[in-house]
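Take a look at the structure set out below.
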Amino acid sequence: MDPSAPRLWWPGRPAEPLCVEASRPSVTERWGEGTPAGTVLLGENLGLLAGLEPGSVDLAYLDPPFYSGERYHFRTTAGGRRFEVGAFADQWPSLGAYLAFLEDRLRLVARALSPRGSLYLHLDAQAAHYAKVLADEVLGAAHFSRQIVWRIGWVSGFKARAKNWVRNHDVLLYYARPGAPFERILLPHPEGYARRGGGEGQGRPLDDVWVDLPSIQIMSYSGEKTGYGTQKNLALLERIVRASSRPGDRVLDPFAGAGTAAVAAHRLGRRFVVIDASPLAVHLTRRRLVAEEAVFTVAEETPSTTAPPGPLRVRVVDRAEGPALCLEGAPEAAGPEGTSELERIDAWWVYDGEERPARPRFVALRPTGRRGGSVPR
């Protein structure tokens, strides 16, 4: 670290970086045939990041809590009723506690980055200015490349009534080490565009103000939404992955959430490792990757113990189109949200109970955006 460079200070900041014991997760599930291209890790990201091999990641995307002071939820519909469950709390005793949380993880991600690696840190105006100074210290100010402004979309509702400039953008701090790959993205010229001297050209290079990707969170009927409160656009992550990595590179997201970074990496032929402490987030990520027919593993920092047999059972039934598996035995009585247990089941699969890691032989996913009724394959 350059001793002459500015350094962020807050009350209680340790003089030395935190020493973290590496976690060694156990693979509990294996999905798809062939060599896994990615891993979904369930557990606290501090120890799991410490367990990554130094220099093993080519692109890191971090979408941490924003220091918003809010609680975020997963919202869905089951049995014709809407309900929500807690996803995570972005609440801190002090700004210093938040910055310490961020610093510890930035240092471990920087350790995992390859010599030609890139990093995107996604925040908003609440703490991005503090995070920029902190990231300069951890990653090196010389490696800071751009601050990208992502315009969230149109202004309506309570935002439009604010007695202030309307908040309408997030910030992505982009760092790139020497030799980091970068592919320029060209946007089509507007209709009627004509170049001086003739010709249409290949398009205009995308700049650092992104206004063409409205957030799915403001789109009431976006088919991409999973119900996870802070889910980001797949197109946003695909843009980042395409621009700052090559096919076969390894992409890291230590705050997986709804798993968008993993899906983007899979679609673009990159390997991935994503981490989240929430079983709900890991389920959403798993579900989306299964729907994409990705080959991947799920590993847990602390593998859960096998639950005792419950009332659920699988029955083989004959149908005109051939044999089918049906899930039975879920209580029909309404739960606390006014829906039955069967209506709240989002996915299920069948595997050999003795096999470790588990390799599902049959998978049933309820169609995205619909709850209740049957759970088709």
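If you read the sequence shown in this note's numbering, its first letter stands for residue 3, the second for the next number, and so on. Ideal Cβ positions, reconstructed from N, Cα and C, are used throughout, including at glycine.
Q. Candidates His268, Tyr230, Lys234 and Trp11: which alpha carbon is nearest arginine 248's?
A. For the purposes of this step, residue 248 is taken as the residue at position 246 of the sequence shown. Looking at the Cα atoms, His268 is the closest of the given residues.
Q.
Quick check on this structure: which residue in Thr37, Arg107 and Glu193 has the alpha carbon closest to the alpha carbon of proline 67?
A. Position 65 of the sequence shown, counted from the start, is the residue given in the question as residue 67. Considering only alpha carbons, the answer is Arg107.
Q | Cβ-based burial, glutamate 86 [other Cβ within 10 Å; buried from 16] | A | What you label residue 86 is simply residue 84 of the sequence shown in a count that begins at 1. Exposed, because fewer than 16 other Cβ atoms sit within 10 Å of the Cβ of glutamate 86.
(Q) Would you say the beta carbon of leucine 44 is closer than 6 angstroms to some non-hydrogen atom of the ligand NAP? (A) With respect to the ligand NAP, the structure offers nothing, as it holds no ligand at all.
Q.
Which same chain residues end up closer than 6 angstroms to proline 378 when comparing Cβ atoms and leaving out the 5 residues on each side of it in sequence?
A. The sequence position of residue 378 within the sequence shown is 376, counting from 1. Any reading at proline 378 is ruled out, since the residue's pLDDT is 37, under 50, leaving its predicted position unreliable.
Q.
Counting only beta-carbon separations shorter than 7 angstroms, does aspartate 106 have a partner in chain D?
A. Included in the structure is just one protein chain, with no chain D present.
Q.
Per the DSSP calculation, arginine 32 is bridged to which residue(s)?
A. Indexing the sequence shown from 1 puts residue 32 at position 30. The partner list for arginine 32 (beta bridge, DSSP) reads Thr299.
**Q.** Span separating the alpha-carbon of alanine 133 from that of leucine 101
**A.** Position 131 of the sequence shown, counting from 1, holds the residue named residue 133. Position 99 of the sequence shown, counting from 1, holds the residue named residue 101. Straight-line Cα distance between these residues: approximately 8 angstroms.
(Q) I'd like the span of the alpha helix (DSSP H) that includes tyrosine 132, first residue to last. (A) Residue 132 sits at position 130 when you count from the first residue of the sequence shown. Per DSSP, tyrosine 132 belongs to the alpha helix (DSSP H) from 130–141.
Q: Mark aspartate 2 as exposed unless 16 or more other C-beta atoms lie within 10 angstroms of its C-beta, in which case mark it buried.
A: Nothing in the structure corresponds to residue 2, since the chain is present only between 3 and 379.
Q) Do you know how far the Cα of threonine 78 is from the Cα of glycine 375? A) Taking the sequence shown and counting its residues from 1, the one referred to as residue 375 is at position 373. Taking the sequence shown and counting its residues from 1, the one referred to as residue 78 is at position 76. Bear in mind that a pLDDT of 35 at glycine 375, under 50, signals an unreliable position, so the number given afterwards is only what the model happens to contain. Going by the C-alpha atoms only, they are around 15 angstroms apart.
(Q) Three Cβ pairs or more, each shorter than 8 angstroms: is that satisfied between the segment 112–129 and the segment 52–61? (A) yes
Q. Which residues share a DSSP beta bridge with threonine 41?
A. Locating residue 41 in the sequence shown gives position 39, where the first residue counts as 1. According to DSSP, which records beta bridges pairwise, threonine 41 is partnered with Val275 and Thr299.
Q. What residue from Val151, Arg32, Pro207 and Val111 has the CA that sits closest to histidine 191's CA?
A. Position 189 of the sequence shown, counted from the first residue, corresponds to residue 191. Minimum Cα distance to histidine 191 is reached at Pro207.
Q. Can you name, in chain order, every residue of its own chain whose Cβ lies under 8 angstroms from the Cβ of arginine 179, other than the five neighbours on each side?
A. The residue you call residue 179 lines up with position 177 of the sequence shown. For arginine 179, where only same-chain residues beyond five positions count, the Cβ hits under 8 angstroms are Leu115, Ser116, Pro117, Arg118, Gly119, Ser120 and His145.
**Q.** Beta-carbon proximity check, alanine 264 vs threonine 287, cutoff 7 angstroms
**A.** Residue numbering aside, residue 264 sits at position 262 when the sequence shown is read from its first letter. Residue numbering aside, residue 287 sits at position 285 when the sequence shown is read from its first letter. Yes. Within cutoff.
**Q.** Collapsed DSSP secondary structure at glycine 119 in the structure displayed
**A.** Residue mapping note: residue 119 aligns to position 117 of the sequence shown, counting from 1. Glycine 119 falls in the strand class under three-state DSSP.
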